């Protein structure tokens, strides 16, 4: 089963990456993703003092996103409209309730505590709207994730061992961290983030020894 690898890089380096659909913090750039054919998935990239960006993961290849420094005059108070009340927190940004509104440092990524979803919000000065509606994300459900290769590799999903390839497991939808490892004289393992928003089948790259380029 073919799968498509994506390398994400950002400026500034070590930008924070969050899954849009599930709101899960995934780590810091650079990051590698394995995108199954036909899977639509997007991430939000943020760094303190910079305007965040939404990135739709492509079929394959290398992505670089350069985050623009925020204008010091850009902060505002705005209404973040939600169908259901949510407790929001900023990602690499200070976003705070201000009465019935929220204080936003020009632009920010916000995520819902204890619920799926993350959103990019912008003050009107930066092209946003006030109020800005936070569209409800699809509810979390269970989906089947199959890792079909490389052969005879130990598989971990979110750091939990699930078996030896080929192997399948039921997981909650969202971004899942998949690691494959082959035991040898040197530790050989490969890690990728995989968007799982329905039945998903991937073939991981062959593990490489520590210190070897992927």
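Residue numbers (our numbering): 19 to 232. All C-beta atoms, glycine included, are put in the ideal place defined by N, C-alpha and C. Here the structure is a predicted model, which means the values were calculated and not measured.
- Closest by C-alpha distance to residue 49, out of 151, 33 and 189, is 33.
- If the five residues before and after residue 122 are omitted, its C-beta is found closer than 7 Å to the C-beta atoms of 93, 94, 96, 113, 139 and 141, all from its own chain and listed in chain order.
- As computed with DSSP, residue 144 is found in no beta bridge at all.
- Of the residues assessed, residue 71 falls on the buried side of the cut-off, its CB having 16 or more other CB atoms within 10 angstroms.
- Beta-bridge analysis with DSSP links residue 61 to 37 and 73.
- Residue 201 is classed as exposed because its beta carbon has fewer than 16 other beta carbons within 10 Å across all chains shown.
- Contact between residue 183 and residue 169 holds, since their C-beta atoms are separated by about 6 Å, short of 8 Å.
- Burial state of residue 150 is buried, judged by a 10 Å Cβ sphere holding 16 or more other Cβ atoms.
- In its chain, beyond the 5 residues on either side, 47, 63 and 83 have a beta carbon closer than 6 Å to the beta carbon of residue 28.
- Counting along the chain, the unbroken beta strand (DSSP E) around residue 83 starts and ends at 79-84.
- With respect to the 7 Å criterion, residue 78 and residue 22 are classified as neighbours on the basis of their beta carbons.
- Between residue 210 and residue 52, the gap from beta carbon to beta carbon is short of 7 Å.
- DSSP lists 53 as the beta-bridge partner residues of residue 22.
- A check of alpha carbon separations from residue 145 across 124, 90, 30 and 68 identifies 124 as the nearest.
- The beta carbon of residue 134 lies closer than 6 Å to those of 40, 41, 155 and 158 in the same chain, with the five residues before and after it left out.
- With a cutoff of 7 Å on beta-carbon distance, residue 107 and residue 131 are scored as near each other.
- Note on geometry: alpha-carbon atoms of residue 220 and residue 136 lie some 25 Å from one another.
- Spatial neighbours of residue 74 in its own chain (CB-CB distance under 6 Å, excluding positions within 5 residues in sequence) are listed in chain order as 60.
- Straight-line spacing of the CA atoms in residue 174 and residue 181 works out to 8 Å.
- Between residue 206 and residue 223, the C-beta spacing is not below 7 Å.
- Judged by DSSP in its simplified three-state form, residue 88 adopts coil rather than helix or strand.
- Here residue 214 is actually not in contact with residue 185; their C-beta atoms are around 14 Å apart, not less than 8 Å.
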